[in-house]
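For what it's worth, our numbering labels the leading residue of the sequence shown as 1128, then goes sequentially. Heads up, the thing below is written out as structure tokens.
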Amino acid sequence: MFHWHDTLRHNVLLRNDSSGANLAFTEVSESVGVDDAGWGWGTTFLDADNDGDLDLAVTNGFFSNQWPADESRFFQNDGGSPVTFSDVSAAVGFNDTFWGSSLIALDFDRDGDLDLIQACADGGPLRLLENQRSGQALLNSYLVVQPRLSGANHWAIGSTVRVRVGSTWMSRALLAGSSLLGQEPAEAFFGLGTTSMVDEVVVEWPDGTTTTITDVAANQIIEVVAPGTVPAASAWGCIVAGLALLASGTVMFRRHGSGASVSVATR
Ligand SMILES: [Ca+2]
Ligand SMILES: [Ca+2]
Ligand SMILES: [Ca+2]
């Protein structure tokens, strides 16, 4: 869990150290390198370079004298044990000084990488930032899993998706209100590194039952439908607007469009 702590005057990352029913969280923001993200608002963990670990993007700012020039932050996950992050905001082009409020990650152009939408307060723009990954990041693979149910909870909010590659498990929870004032698509996006095949995909439905699929090829979108679910048209929407950014490195974000034009893509 990552959030801004007004009293401590820095950003807080709470690592889940729970064991069974014994819940425990440890504040690790300084030791892993994400304690200085400014007056943070919208925050999202995303695997921007598809290497299998979660990177962290934070939009920030405030109207007070101390925070108006606060730059957005992008922390790249460097892996290791314990995990550490590097601030690569300028290199990837996510270092604007708008008063950002909402921030969500989604693959709006369906090219296999997560892009960003940032909404800004105080008259600021709505921005669409296209992921311009290159090098190894461009070679890395991905898998998108879309759990679906019948009835009111068609998007299967409350589900958890786990994938296994060899002995490594990765997990994503489908949540409502995934970011401040924003909602990410109801799908689980996994960066897979150089993996071409996922050994297992396990969907745990909101009622606790599970569906398991084995030997799933990478670089595709799969819909997993719970037993008894009536098939329905799959609608997927995204908001397109923005500015433009350029960057260097393995992941770059480019601004799209101008002004506040909006379009919706359905698939
Ligand atoms: Ca990553
Ligand atoms: Ca994309
Ligand atoms: Ca891209």
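Cβ coordinates follow ideal geometry from the N, Cα and C atoms, glycine included. On a predicted model such as this, the values are computed, not experimentally measured, just so you know.
Query raised in the report: Taking just the CA atoms, how far does Leu1319 sit from Ala1164?
Result: Rounded to whole angstroms, Ala1164 to Leu1319 spans 27 angstroms at the Cα level.
**Report entry** Where Ala1264 falls: helix, strand or coil (DSSP)
**Finding:** Per DSSP, reduced to three states, the secondary structure at Ala1264 is helical.
Query raised in the report: Quick one: complete alpha helix (DSSP H) runs, 4+ long, within the region 1144-1202?
Result: Segments of the alpha helix (DSSP H) lying fully in the region 1144-1202: 1156-1159.
Query raised in the report: Run through DSSP, which three-state label would Cys1365 get?
Result: Because the pLDDT of Cys1365 is 33, which lies under 50, any placement of that residue in the model is unreliable, and the number read from its coordinates should be weighed accordingly. For Cys1365, the three-state secondary structure derived from DSSP is coil.
Requested in this report: Have a look at the DSSP bridge pairing and note the partners of Ile1349.
Outcome: Answer is Val1272, bridged to Ile1349.
Query raised in the report: DSSP three-state call for Ala1217: helix, strand or coil?
Result: The answer is helix: DSSP assigns Ala1217 an H, G or I state.
Query raised in the report: So is Arg1237 buried or exposed if we call it buried at 16+ other beta carbons inside 10 Å?
Result: Exposed, by the Cβ-count rule.
Query raised in the report: For Asn1258, which three-state DSSP category applies?
Result: Strand, per DSSP.
Requested in this report: Just grab the DSSP bridge partners of Phe1403 for me.
Outcome: Nothing about residue 1403 can be reported from this structure: the residues present for the chain run from 1128 to 1394 only.
Query raised in the report: I think Val1325 touches Thr1338, with their Cβ atoms under 8 angstroms apart; what is that distance to the nearest whole Å?
Result: 14 angstroms between Cβ atoms; not a contact.
Report task. Less than 8 angstroms between the CB atoms is what I'm expecting for Thr1322 and Ser1268, so what's the real figure, rounded? Result -> Ser1268 and Thr1322 do touch by the CB rule: their CB atoms are close to 6 angstroms apart, below 8 angstroms.
Query raised in the report: In three-state DSSP terms, what is Leu1373?
Result: Low confidence applies here, because Leu1373 scores a pLDDT of 32, under 50, leaving its location unreliable and the question unanswered by this model.
Query raised in the report: Which word fits Ala1217, buried or exposed, when buried means at least 16 other C-beta atoms lie within 10 angstroms of its C-beta?
Result: Residue burial annotation: Ala1217 is exposed, with fewer than 16 other C-beta atoms found within 10 angstroms of its C-beta.
Query raised in the report: How many Å lie between Gly1369 and Phe1380 at the Cα?
Result: Unreliable positioning characterises Gly1369 in this predicted model, as indicated by a pLDDT of 31, which lies under 50. The coordinate reading is nonetheless provided below. In this structure, the alpha-carbon of Gly1369 lies about 12 angstroms from that of Phe1380.
Query raised in the report: Is it right to say Thr1295 is buried, meaning 16 or more other beta carbons lie within 10 angstroms of its own, or is it exposed?
Result: So Thr1295 ends up on the exposed side.
Report task. Apply the 10 Å Cβ neighbour rule to Thr1341 and answer buried if 16 or more other Cβ atoms are within range, or exposed otherwise. Result -> Per the 10 Å Cβ criterion, exposed.
**Report entry** Cα-Cα separation between Gly1207 and His1281, rounded to whole angstroms
**Finding:** The straight-line gap from Cα to Cα measures roughly 38 angstroms.
Query raised in the report: Is the CB-CB distance between Gly1278 and Leu1301 below 8 angstroms?
Result: Taking the C-beta atoms as reference points, Leu1301 is found no nearer than 8 angstroms to Gly1278.
Query raised in the report: On the three-pair Cβ rule with 8 angstroms, is the region 1251-1262 touching the region 1209-1229?
Result: A contact between stretches requires three or more CB pairs, one per stretch, nearer than 8 angstroms, and the region 1251-1262 meets this requirement with the region 1209-1229.
Query raised in the report: By the 10 Å Cβ neighbour count, where 16 or more other Cβ atoms means buried, how is Gly1188 classified, buried or exposed?
Result: Counting other Cβ atoms within 10 Å of its Cβ, Gly1188 reaches 16 or more and is therefore classed as buried.
**Report entry** Candidates Glu1311, Pro1209 and Ser1199: closest to Leu1241 by CA position
**Finding:** If you compare the alpha carbons of Glu1311, Pro1209 and Ser1199 with that of Leu1241, the shortest gap goes to Glu1311.
Query raised in the report: What are the boundary residues of the beta strand (DSSP E) that Ser1298 is part of?
Result: Counting along the chain, the beta strand (DSSP E) containing Ser1298 begins and ends at Thr1295 to Ala1300.
Query raised in the report: What's the call for Asp1234, buried or exposed, on a 16-neighbour Cβ count within 10 Å?
Result: Buried.
Query raised in the report: Near Met1304, what residues of its chain come up, given a Cβ to Cβ distance below 6 angstroms and the 5 sequence neighbours on each side ignored?
Result: Checking the sequence, you will find Gly at residue 1304 rather than Met. Leaving aside the five residues that flank Gly1304 on each side, none in its chain has a CB nearer than 6 angstroms to its CB.
Query raised in the report: Rounded to a whole number of angstroms, what is the C-alpha to C-alpha distance between Ala1232 and Ala1151?
Result: For Ala1232 and Ala1151, the distance between alpha carbons rounds to 28 angstroms.
Requested in this report: Check whether the region 1141-1151 touches the region 1169-1179, taking contact to mean three or more Cβ pairs, one atom from each stretch, closer than 8 angstroms.
Outcome: Because the criterion of three Cβ pairs below 8 angstroms is not met, the region 1141-1151 and the region 1169-1179 do not touch.
Query - Proximity of Val1328 and Val1378 at Cβ, strictly below 8 angstroms - result: Contact flag unset, no.
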